[in-house]
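Here's the structure we're looking at; comments come further down.
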Amino acid sequence: MSSAAPAAPAPDSGDTRVIVVVGIAHSVSHFFHLILPPLFPWLKDAFALSYSELGLLVTVFFVISGVGQSLAGFLVDRVGPVPVMLGSIGLFALSAAVLALSPGYEGLLLGAALAGVGNASFHPV
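Following the working numbering, the residues of the sequence shown are numbered contiguously, the last one being 126.
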């Protein structure tokens, strides 16, 4: 009198696509975490910065990202994951442009802050 467990439904191709896109976006998020410190020697010379100023760039990114993670959870619940994820990717792109075109330290700080906001939705609470 044993009965076989029902078979699991086949994965939906839409689900697979979402998982792949989120995985790629999340990878870009972690790439950004790792790309800035190796650029420190170049940024130090190009912008005449101290190591404290360079460290502040990373601090701004992580503090804004950390605070934003709690808020991102509420935002995802309110408007849905797709608009939030697309907005985050857009903010990452904007932050990359700001960082690339920045003539000075203030622009680098702005780019780090924008990237922190964009990164927040990848780890919502």
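For every residue, glycine included, the Cβ atom is placed at its ideal position computed from N, Cα and C.
Quick caveat: nothing in here was measured; it's all calculated off a predicted structure.
Residue i, buried or exposed, once every other Cβ within 10 Å from all chains shown has been counted against 16
i	result
A92	The question names Ala, but residue 92 in the sequence shown is Leu. With 16 or more other Cβ atoms within 10 Å, it is buried.
V80	exposed
V68	exposed
G56	exposed
F119	A small fix is needed here, since residue 119 is Gly in this sequence, not Phe. Answer is buried; the Cβ neighbour count reaches 16.
G15	exposed
F123	buried
S30	buried
S96	buried
Anticipated Cβ contact below 8 Å, residue i with residue j, distance rounded
i	j	result
G117	V61	6 Å
A114	I36	That belief does not hold up - the Cβ atoms of A114 and I36 are roughly 16 Å apart, past 8 Å.
L109	F48	7 Å
A73	V85	7 Å
V59	P39	Actually they do not touch by this definition, with Cβ atoms about 12 Å apart.
A101	Q70	Wrong, their Cβ atoms sit about 26 Å apart, outside the cutoff.
Residue i beta carbon near the ligand GDP (any heavy atom closer than 6 Å)
i	result
S96	Judged by which ligands are present, the structure shown has none, so any question about the ligand GDP falls away.
**Asked** Which ranges does the alpha helix (DSSP H) cover as unbroken runs of at least 4 residues, wholly within the region 42 to 115, from first to last along the chain?
**Response** Listed in chain order, the complete alpha helix (DSSP H) runs (minimum 4 residues) inside the region 42 to 115 are 52 to 80 and 82 to 102.
**Asked** Quick one: any contact between the region 86 to 102 and the region 25 to 42, if contact means 3 or more CB pairs under 8 Å?
**Response** The answer is yes - the region 25 to 42 touches the region 86 to 102, with three or more Cβ pairs under 8 Å.
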